[in-house]
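As they're listed, the protein sequences go chains P and E. For the first sequence, this note's numbering assigns the number 368 to the initial residue and increments by one for each residue that follows. For the second sequence, this note's numbering assigns the number 368 to the initial residue and increments by one for each residue that follows. Where a beta carbon is used, it is the ideal one built from N, C-alpha and C, also for glycine. A quick write-up on the structure given underneath.
2 protein chains.
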Amino acid sequence: MARACIDGNEAAARVAYAFSEVIAIYPITPSSPMGEQADAWSAAGRGNLWGTTPRVVEMQSEAGAAGTLHGAIQKGALTTTFTSSQGLLLMIPNMFKIAGELTPTVLHVAARTIATHALSIFGDHSDVMTTRATGFAMLASSSVQEAHDLAAVAHASTLKSRVPFLHFFDGFRTSHELNDVELIDQDDLRALVDDGDVLAHRARGLSPDRPVLRGSAQNPDVFFQAREGINPFYDAIPGIVQDTMDAFAARTGRRYRLVEYEGHPEADRVVVLMGSGVGAVQEAVEDLVRRGERVGLVKVRLYRPFPAAQLLAALPASVRRIAVLDRTKEPGAVGEPLLTDVTTTLAEAVMTGRLAPTALPRVIGGRYGLSSKEFTPRMVKAVFDELAKGEPKPRFTVGIVDDVTHLSLSLDPDFAPARREGDVEAVFFGLGADGTVGANKNTVKIVGEHTGLHTQGYFVYDSRKSGAQTVSHLRFSRDPIRSTYLIEKADFVACHQFGFLSTRDVLGAAKPGATVLLNAPLPTEAVWDALPEPVQRQILDNDLKLYAIDAYRVARELGLGARINTVMQPCFFALSGILPRDEAIAAVKQSVQYTYGRRGPEIVERNIAAIDRSLEELHEVPVSEKVTSTTGMRPAVPPSVPDFVERITARILTGEGDLLPVSALPVDGTFPTGTTRYEKRAIAQEIPIWDPEI
Amino acid sequence: MARACIDGNEAAARVAYAFSEVIAIYPITPSSPMGEQADAWSAAGRGNLWGTTPRVVEMQSEAGAAGTLHGAIQKGALTTTFTSSQGLLLMIPNMFKIAGELTPTVLHVAARTIATHALSIFGDHSDVMTTRATGFAMLASSSVQEAHDLAAVAHASTLKSRVPFLHFFDGFRTSHELNDVELIDQDDLRALVDDGDVLAHRARGLSPDRPVLRGSAQNPDVFFQAREGINPFYDAIPGIVQDTMDAFAARTGRRYRLVEYEGHPEADRVVVLMGSGVGAVQEAVEDLVRRGERVGLVKVRLYRPFPAAQLLAALPASVRRIAVLDRTKEPGAVGEPLLTDVTTTLAEAVMTGRLAPTALPRVIGGRYGLSSKEFTPRMVKAVFDELAKGEPKPRFTVGIVDDVTHLSLSLDPDFAPARREGDVEAVFFGLGADGTVGANKNTVKIVGEHTGLHTQGYFVYDSRKSGAQTVSHLRFSRDPIRSTYLIEKADFVACHQFGFLSTRDVLGAAKPGATVLLNAPLPTEAVWDALPEPVQRQILDNDLKLYAIDAYRVARELGLGARINTVMQPCFFALSGILPRDEAIAAVKQSVQYTYGRRGPEIVERNIAAIDRSLEELHEVPVSEKVTSTTGMRPAVPPSVPDFVERITARILTGEGDLLPVSALPVDGTFPTGTTRYEKRAIAQEIPIWDPEI
């Protein structure tokens, strides 16, 4: 089986493409890459499982894409689409009809926040939850590998069950995370499909050769009865999905269940959730169980039809307290959706005698991760701590400080799961469009595809895109990487823009003893003195090993213009210790061969020369024994700005927005105007000077 | 306080208009009349509560109407809109933003089925339930009076709370039911509004004089915190709504609570529901309590924020079994929405120690009334019977026969709540566009507005409209009429189309001893012999009093063309016994004065003459002592039609669609084509004859 380092979007799109004849698309962040890739593959004539090239149809909106889907299914075609957020909302009317007519299709959703007080392009489940009345079956993937595997389960199950599937994974966290994935062979995908199901679907398609009437109107006399006729199809879904998962496991070795328990076999406290948060909970649970705590985790994969029986079977009999985590907020609801599903299931188990009344666990509900808010093992620990209290909060939030309704849990700053021996975590601060992210994606692929190591790359952009800061988070490990959250304390920190050191807490990302690589527009011996006082202090206090290169100068001299990535990347390989130094350099050089080989030996030679030259220019920075600098950090905003700008805007600018409590932010999305004038990014390398002579 | 006989749409629209400055509309059945009336009032220059004329803006779709609403609110205007079904779905994206920005508005929804396997223009809660994640508060009205009163509560509460409200009532059953309503005085409406709330809303409106930024994008750092800032606004809503209801009661005497209990003070079985079904449950509960059963009813009025505390307080401590009735279907959900809300509330009461574990009632959930399927006291009785069983079905349907998944409850044919002395129920069979419905609406208004009697009119149309059968259901009573279902056995049955007697079971609607009025194109003495054998048998078996008039002939002779309503209406008044005959005739004549007064005395005289003439032509039909006819009913379809047409189409055509079980109907809305050719309605009064000479 082939391995590839791809993101969640590509993982799902590859499978969706293989199963489809008609692909209706309309781009919306963060699902756009799925549509773009499908479009590119189709343009290149790539075949699906049956060897035909899917027709990709781009419409005027997601409403049009849903209509195209609906029409194509009714003709008997195998179809799919990709969307997120408001785009998914526009599909709701068609979704009701597609499900009501028992027509198979799969909608792949990179789940994203719905705009409320503000728009957000980031991830949570508010979009998919708004479609839960449509009658679509729903499958949740919690990792890039799952986005690949469960996409296949969804396509096979929809054909078998006739019920359309919505397959979702977390926007950005999964859709844009690079991870190394075992690709499913086309043969294995093909084996999941029963040709009889495809032929039956085709036979139901509208055709002038066998005319039928569909999409009629019904009156009160018969509508209700007709609507109940679908019940057996829904009753069959859990069995069909599990059978498909089992068939999948038989061929690939990767085994999934509708609901899965992990943790202490006699856990008294259990967390229930779905989506990418599973990774963080897994790590916390493993760590806490090692420390002797009786805790566990229930992963929900099939969300609709809700697998009540499987949930009850998965929960250990010892459970006394359950926290259900929802990545959505439904103001005014008695509880968020997964919480009410789980609570109803347990209550009915008591009512029907499956569970003794006194054995009813106490269930509490928490919101987390709205709009891609970080969700870490430390937060999971806070949830388990809350569950251990005499009177836990019935409703809580985690990941923020709520000083208004006081729902938030406080975190234990000292808790973090033990890292595995040999794991390397690296963080890179760059500027949008400076090539840092592209080089890091390349690094992840080089390591993931050409060494035995597992890799993960996640890239934090500001939504202002070009010219704003980017932070790349790279992990390397001998074990599969499930850490679905940012790196807090890295082994390696690179700062590709020297100016950042004066405005942001760059070295706060470095763990004690870490290696730091600076792109400094200075001779090596001048670097130390150019650092602000707090940065020098961090280096000394944490015993950081400091390296520098004047990458802009080297790049210019090598004829690379401002593209410093070719210079910085070999330095990372040389210093990071992921691979032995020589092996690492050889790998980068090999990658140059891959990337530029088609352009001729001269280009390859020049790039390889650039690597050697860069390594020559990389120097360790001599560090004083004590702090010598007297300059402080540059304030994010000038002095005497309006109160709101000082309290809120400035903190967002310095990357401290996460620390703002609920009370700091406007309740209704209303902000003062004209605050961008206080925002001096000061990122220019060169300053134009007015020459009145010309 | 003035009384008026109006339908639910007008009841809500009058209040919405009074509270609004901008009304965005787009028509969709069954909410269209609200928009049409607002448009007409605005065109006529009618003022709102502040004396200004609302601007009515008709858009290109409901998405546009929602956008208009959003824009107008952001400018600080008082706004409203009206919609249903798919129209409401198109508003979802804007609803999230309107709620997220804490902007007051009220959306009045005549709740209607969302199209699935088939479209339906009829009523259930599938549309409003699909919006329950948006953050709108939701108020449910269960009668025409409530649609009027709670519209006012919604408009006042949204201004006070800043949270937008969705006010809904059942499509057709409430939106199109005529009932006599106590109108709220404009002074009383005005008194509900705190001017400070209006001024605060205006002050938040966008204006170049005090610029603010709204509708921005937020990143993961602050979105979650900002989203939690709305919590206090939602926490305040139950108190605000109850306070508004109390202020309303102080001025009008009509008292409402968020959740209300009715029934036996020590009930062991309780039904929970919202919407028009409340009327049927009230009647059943009163009757069963009189028979000694310990049963009760919980009406939910505020649905979002869900009033968990008020629900627990409303339930009698004695309750052991609860059936929650949802007028919607969510395939794949662990339970329908109201069911999971109630179950979660009770389970959490146990978990937090408010309720002893052994006191947890057994809760079961039922679907009813999808797409305006009838919901009667007999069905309520079936629910209470189910609750009394040792092992009640955890999920059930009521009102249909489900021979597939066997979820339906069987009904006790003998149960019907005792009728009150002096109540009159009348059923009229007419033809779309023959004037029957118009005349009956007029009758309801005459009686409702000019006598002390309470009245109700409900009109069943085929969705094929003109030329199809109409059935008018009229009730008259000294008490308010809460029967939110069709009349099964009437005191008076009129058949305005003689041909119906041969094709449908018209006299099945007559109770023993009822009066039957036929429009027969025959001399009185020929009527008996023209009746089919089964009809004669019904008349004799049930001791029906038979009257006839040749209304088409009389109308022609009076110069009224085919408008037989002027002929039939006085006959109804003369025979029905609602009022003493002379008083009744005087009332009809007075109504002619109202209706035609402006057209001059001659027209009035001619219509009054028509009344007198009609009464002269009305005769009792002599009835034989035994059945004399040998003709049977005319089959709905010719012999030897395809099996599907015989089993299904024919039964729908003869009005027996309600009796079709689940198994009879296609699971996915697929029907054979070309079946209309078997459908001979045979409704023409005159048959054109080909005259080759001309």
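- prompt: For Arg581/P, which residues of its own chain have a beta-carbon under 8 Å away from its beta-carbon, when the five flanking residues on both sides are left out?
  reply: For the purposes of this step, residue 581/P is taken as the residue at position 214 of the first sequence. Taken in chain order, the residues that qualify are Gln441, Glu468 and Leu573.
task: Quick one: which residues of the segment 474 to 506 of chain E get their C-beta closer than 9 Å to a C-beta of chain P? List them in chain order.
output: Thr480, Ile481, Ala482, Thr483, His484, Ala485, Leu486, Ser487, Ile488, Phe489, Gly490, Asp491, Ser493, Met496, Thr497, Thr498, Arg499, Ala500, Thr501, Gly502, Phe503, Ala504 and Met505
task: Whole angstroms is fine: what's the gap from Ala1017/P's alpha carbon to Ile767/P's?
output: In the first sequence, residue 1017/P corresponds to position 650, counting from 1. In the first sequence, residue 767/P corresponds to position 400, counting from 1. For Ala1017/P and Ile767/P, the distance between alpha carbons rounds to 19 Å.
task: Assign Glu1053/E to one of two classes, buried (16 or more other C-beta atoms within 10 Å of its C-beta) or exposed (fewer than that).
output: Indexing the second sequence from 1 puts residue 1053/E at position 686. Classification of Glu1053/E: exposed, given that the 10 Å Cβ count is below 16.
message: Please tell me whether Pro683/P has its Cβ less than 8 Å away from any Cβ of chain E.
response: As a working note, residue 683/P is residue 316 in the first sequence. It does not: the Cβ of Pro683/P has no partner Cβ on chain E nearer than 8 Å.
query: Ser583/P to Ala485/E, Cα distance in whole Å?
result: In the first sequence, counting from the first residue as 1, residue 583/P sits at position 216. In the second sequence, counting from the first residue as 1, residue 485/E sits at position 118. Straight-line Cα distance between these residues: approximately 5 Å.
- request: Report all residues from its chain with a CB closer than 6 Å to the CB of Arg569/P; omit the five preceding and five following residues, and keep chain order.
  value: Numbered from 1 along the first sequence, position 202 holds the residue referred to as residue 569/P. The residues are Gly443.
query: Taking the runs of the beta strand (DSSP E) that are 3 residues or longer, which of them lie wholly in the segment 788 to 873 of chain P?
result: 791 to 798, 821 to 828, 836 to 844 and 857 to 862
Proximal residues, the segment 420 to 449 of chain P versus chain E, C-beta separation under 8 Å: none
field: Nearest residue (CA-CA) to Tyr825/P, options Leu754/P, Arg540/P, Asp613/P and Tyr735/P
entry: Position 458 of the first sequence holds residue 825/P. Closest by alpha carbon: Arg540/P.
query: Is Ser1007/E buried or exposed, if buried means 16 or more other CB atoms sit within 10 Å of its CB?
result: Residue numbering aside, residue 1007/E sits at position 640 when the second sequence is read from its first letter. Classification for Ser1007/E: exposed.
- request: Tell me whether Val662/P sits in a helix, a strand or coil according to DSSP, three-state version.
  value: Here residue 662/P is taken as the residue at index 295 of the first sequence, counted from 1. Residue state, collapsed to three classes: strand.
query: Roughly how far, in whole angstroms, is the beta-carbon of Asp917/P from the beta-carbon of Ala887/P, given that I think they are within contact range, below 8 Å?
result: Translated into the one-based positions of the first sequence, residue 917/P becomes position 550. Translated into the one-based positions of the first sequence, residue 887/P becomes position 520. The pair is a contact, with the Cβ atoms about 6 Å apart (cut-off 8 Å).
message: Strictly by DSSP, which residues pair up with Arg734/P?
response: Within the first sequence, residue 734/P is the residue found at index 367, counting from 1. BP columns for Arg734/P point to Asp693/P and Thr764/P.
message: Does Ile916/P come out as helix, strand or coil in the three-state DSSP assignment?
response: For the purposes of this step, residue 916/P is taken as the residue at position 549 of the first sequence. Residue state, collapsed to three classes: strand.
query: Going along the chain, which residues of its own chain have a beta-carbon closer than 7 Å to the beta-carbon of Asp708/E, five neighbours each way excluded?
result: Within the second sequence, numbered from 1, the residue matching residue 708/E stands at position 341. Cβ within range, chain order: Phe673.
field: Rounded C-alpha distance that separates Asn546/E from Val589/P
entry: For the purposes of this step, residue 546/E is identified with residue 179 of the second sequence, where counting begins at 1. For the purposes of this step, residue 589/P is identified with residue 222 of the first sequence, where counting begins at 1. If you take the alpha carbons of Asn546/E and Val589/P, they lie about 27 Å apart.
query: First and last residue of the alpha helix (DSSP H) that includes Ala977/E?
result: By 1-based counting over the second sequence, the position of residue 977/E is 610. Segment Pro968 to Glu984, the alpha helix (DSSP H) holding Ala977/E.
- prompt: the segment 676 to 708 of chain P: which residues have C-beta closer than 7 Å to a C-beta of chain E, in chain order?
  reply: Lys696, Glu697, Pro698, Gly699, Ala700, Val701, Gly702, Thr707 and Asp708
query: Quick one: what's got a C-beta closer than 8 Å to Ile604/P's C-beta in the same chain, skipping five residues either side?
result: As a working note, residue 604/P is residue 237 in the first sequence. Taken in chain order, the residues that qualify are Ala504, Ser524, Ser528, Val530, Leu669 and Pro672.
- request: List the residues of chain E that Leu456/P touches, going by C-beta distances under 7 Å, in chain order.
  value: In the first sequence, the residue the question calls residue 456/P occupies position 89. Near Leu456/P (Cβ distances below 7 Å), the residues of chain E are Ile459 and Pro460.
task: Let me know if Trp1057/E comes out buried or exposed under the rule of 16 or more other beta-carbons within 10 Å of its beta-carbon.
output: Working through the second sequence from its first residue, we reach residue 1057/E at position 690. Looking at its Cβ environment, which holds fewer than 16 other Cβ atoms inside 10 Å, Trp1057/E is exposed.
- request: Mind the definition here: the segment 898 to 909 of chain P touches the segment 937 to 951 of chain P only if three or more C-beta pairs lie below 8 Å; say whether that holds.
  value: no
- prompt: In the segment 877 to 944 of chain P, which residue ranges form an unbroken alpha helix (DSSP H) of at least 4 residues, counting only runs that do not cross its ends?
  reply: 891 to 897, 900 to 908, 918 to 924 and 932 to 943
- request: Given a cut-off of 8 Å, decide if Glu1046/E and Leu1020/E are closer than it, judged by their beta-carbon atoms.
  value: Numbered from 1 along the second sequence, position 653 holds the residue referred to as residue 1020/E. Numbered from 1 along the second sequence, position 679 holds the residue referred to as residue 1046/E. In contact: Leu1020/E and Glu1046/E (Cβ atoms closer than 8 Å).
message: Can you find the residues in the same chain that come closer than 6 Å, C-beta to C-beta, to Met496/E, ignoring five residues on each side of it along the sequence?
response: Looking up residue 496/E in the second sequence gives position 129. Result list for Met496/E: Thr695 and Pro704, in chain order.
field: Distance between beta carbons of Pro784/E and Glu660/E, contact taken as under 8 Å
entry: Sequence index remark: in the second sequence, residue 660/E carries index 293 (1-based). Sequence index remark: in the second sequence, residue 784/E carries index 417 (1-based). Incorrect: roughly 12 Å between the Cβ atoms, too far for contact.
task: Please look up how many angstroms separate the CB atoms of Val804/P and Thr837/P, rounded, as I've assumed it's under 8 Å.
output: Position 437 of the first sequence, counted from the first residue, corresponds to residue 804/P. Position 470 of the first sequence, counted from the first residue, corresponds to residue 837/P. 5 Å between Cβ atoms; contact.
- prompt: Where does the unbroken alpha helix (DSSP H) through His706/P begin, and where does it stop?
  reply: As a position in the first sequence, residue 706/P is number 339, starting the count at 1. One detail in the question is off: residue 706/P reads as Leu in this sequence, not His. Looking at the DSSP string, the run of the alpha helix (DSSP H) that includes Leu706/P is Pro704 to Met718.
message: Can you give me the C-alpha to C-alpha distance between Ile481/P and Ser409/E, rounded to a whole angstrom?
response: Reading the first sequence from its first residue, position 114 is the one you call residue 481/P. Reading the second sequence from its first residue, position 42 is the one you call residue 409/E. In a straight line, the C-alpha of Ile481/P is about 35 Å away from that of Ser409/E.
- prompt: Taking the continuous alpha helix (DSSP H) assigned at Met612/P, which residues delimit it?
  reply: Counting from 1 along the first sequence, the entry for residue 612/P is found at position 245. Its alpha helix (DSSP H) spans residues Asn598 to Thr619.
task: Assign Arg571/E to one of two classes, buried (16 or more other C-beta atoms within 10 Å of its C-beta) or exposed (fewer than that).
output: For the purposes of this step, residue 571/E is taken as residue 204 along the second sequence, with counting starting at 1. By the neighbour-count rule (16 or more Cβ atoms within 10 Å), Arg571/E is buried.
Proximity test, Cβ basis, 8 Å: Ala887/P and chain A: Given the protein chain composition of this structure (P and E), no chain A is represented.
- prompt: What first and last residue would you give for the alpha helix (DSSP H) that runs through Val520/E?
  reply: Within the second sequence, residue 520/E is the residue found at index 153, counting from 1. Per DSSP, Val520/E belongs to the alpha helix (DSSP H) from Val511 to Ser528.
Residues bridged to Glu1013/E (per DSSP): As a position in the second sequence, residue 1013/E is number 646, starting the count at 1. According to DSSP, which records beta bridges pairwise, Glu1013/E is partnered with nothing at all.
message: Using C-beta distances below 6 Å, list every residue in its chain close to Glu816/P, excluding the 5 sequence neighbours before and after it, in chain order.
response: Residue numbering aside, residue 816/P sits at position 449 when the first sequence is read from its first letter. Correct list, in chain order: Cys372.
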